[in-house]
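Here is the structure we will look at, set down as structure tokens.
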Amino acid sequence: MRKKTKPTPFKRSLSNPVRIGACLGGALLAAGPITALAQDPGRFEKLEQENQDLRKRLDALETVAKKEGILPSAADSSATPIKALSEITVSGFVQASYFYNFTEPSDRKGNGYLWNTTHNSFSLNKVKLTLASPAAERSGDTWGAGYRASLIWGEDSPVLNTGSPTAGFEAVREAYVELNAPIGTGLNIKAGQLISLLNWESGDGGAANPNFSQGYQWFFTGNGPAAGVQAGYTFTDWLDVKVRVQNGMYAGPIDGNNGKTVIGSIGIKPCSKAWMNLIGFGGDESTTMSVKGGSVIGGMDITEQFHTGFEFDYFVFDPSVGASADLWSAGGWAWYDFTPKVGLALRGEYLDDKDGGGIKGIAFPGASRVGSAVTSPDADGDIASVALTLNWRPAPNVKIQPEIRYDHTTYTGGFDGKKDRVVVGVGVTYLY
């Protein structure tokens, strides 16, 4: 084994990019025959003077570069490019699946069904890539900063990425700058495209949720990511508050009018095994429509193996002309891990579209989901759903989820001409 030696001052100086340039330049200047220098002492003195002048110019350039932040100062050795690169976290997942809809829709689109809207088709659901710095550390003394950017490709991306139809935003799920302002114990600020504060389920589907398919609540009584700014403050270990102003409830990355939506969330943790968020929202979605309402989401770990979650939502769609339309939903989750590799999850949910303005006729975005809306001649109706999912982790980072799901609606012909349907299949996710 080669013995490690302590670097000399000369070797350490080579680590500076400016000094490397100086050494290369010096090497080129010294390439002439040494005998010629010995025969001409004046030439040697001239070369030495040129080297000293070059060193002064490089020192001056280095000073300017440090002031501009191009190079780290001696007092901030932690800001080196290598250290910054080493602190970037890369994560994500790849997800694929196959599901069969026993209603066998004639257009091969399961109305209102996520994720595998296309019947009897293998799907590459999602490819997710997240780049993130360490989160801005909460502090009442110093400023801090960080960032996070998540990109999603695949069949589900048009539903997840609200900017998909807009050039430049096609794959962006979320992207924001995070700051800690030294106010009180630390004020957290995020600005950019932010994921919704609503909904118990994650848009990552089976990669993060106990069930593979997505519940109706996530889409019909939820909202996608939107550009905005958020301030959050943690008062105690059991109480925090977030306030967000964004383009609109459904506007996405670019606003199309002067209206804005305000969302507030109060996070409560009564004990280490339970949590709850109280959420309120409201604002003008367009010049002719406002959207307002509230949600309650939460969960509790009954034991280390048995877990639960719940969600309640109430939406009011209020047009400037005509009557408002109300939509409410309730859902619950329970899952049990029999072993570290095998578990079982159950989801049940109910949505009441009592005014017919929140579910019927709303299609999922994306070319592959044209014709995915729930349609019916009825003026109003409701939807109920139960999903049972096996969670199997045969190897590290792999999650396989066979699932059976039963849906019912009072909308006449709401599910491809029928009121009931059964969907079965399996999804697989590799997380990295």
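Under numbering that gives the first Met the number 0, the first residue of the sequence shown is numbered 0, with each subsequent residue one higher. Glycine included, C-beta positions come from ideal geometry on N, C-alpha and C.
Could you spell out the range, first to last residue, of the alpha helix (DSSP H) harbouring Tyr215?
Element bounds for Tyr215: 215-219.
Contact set for Gly347: own chain, Cβ-Cβ below 6 Å, skip 5 residues either direction:
Cβ within range, chain order: Gly331, Val385.
To the nearest angstrom, how far is the alpha carbon of Ala226 from that of Lys108?
In this structure, the alpha-carbon of Ala226 lies about 31 Å from that of Lys108.
Where do the N-terminal and C-terminal ends of the alpha helix (DSSP H) with Pro401 fall, by residue?
Bounds of any alpha helix (DSSP H) do not take in Pro401; it lies within the beta strand (DSSP E) bounded by 397-408.
Sort out for me which residues DSSP pairs Met299 with in a bridge.
Under DSSP, Met299 shares a beta bridge with Ala273, Thr307.
Residue span of the beta strand (DSSP E) that contains Val369, given as start and end:
That residue, Val369, is in no beta strand (DSSP E); it is neither H nor E in DSSP.
Going along the chain, which unbroken runs of the beta strand (DSSP E) with 3 or more residues stay wholly within the segment 116-200?
With a minimum length of 3 residues, the continuous beta strand (DSSP E) runs that stay inside the segment 116-200 are 120-131, 143-152, 171-180, 186-193.
Can you find the residues in the same chain that come closer than 6 Å, C-beta to C-beta, to Ala362, ignoring five residues on each side of it along the sequence?
If the five residues before and after Ala362 are omitted, its C-beta is found closer than 6 Å to the C-beta atoms of Ser371, Ala372, all from its own chain and listed in chain order.
Reduced DSSP category for Ala394 - H, G, I as helix; E, B as strand; rest coil
In this structure, DSSP gives Ala394 a state outside helix and strand, which the three-state scheme calls coil.
Thinking Asn110 and Thr374 are a contact (beta carbons under 8 Å), I'd like their distance in whole angstroms, please.
Yes, they are in contact, since the Cβ atoms of Asn110 and Thr374 sit about 7 Å apart, within 8 Å.
So, helix, strand or coil for Gly20, using DSSP?
Only weak support is given to the placement of Gly20: the predicted model assigns it a pLDDT of 48, under 50, and the value that follows is read from those uncertain coordinates. In the three-state scheme derived from DSSP, where H, G and I count as helix and E and B as strand, Gly20 is classed as helix.
Supposed close pair Thr260, Gly251 - CB separation, criterion 8 Å
Wrong, their Cβ atoms sit about 12 Å apart, outside the cutoff.
Kindly list the residues whose CB is nearer than 6 Å to the CB of Glu169, restricted to its own chain and excluding five residues on each side of it in sequence; keep chain order.
Ser163, listed in sequence order.
Between which residues of its own chain and Val423 is the CB-CB distance below 6 Å, once the five residues before and five after are set aside?
Apart from sequence neighbours up to five positions away, the residues of its chain that approach Val423 with a beta-carbon distance below 6 Å are Tyr99, Ile403, ordered along the chain.
Leaving aside the five residues before and after Ala135 along the sequence, list all residues of the same chain whose C-beta is less than 8 Å from its C-beta, in chain order.
Annotation for Ala135: Gly143, Ala144, Gly145, Glu177, Leu178, Asn179, Asn187 place their beta carbon closer than 8 Å to its own, counting only its chain and skipping 5 residues before and after.
Do Ala166 and Gln94 have their C-beta atoms closer together than 8 Å?
Not a contact, by the Cβ cut-off of 8 Å.
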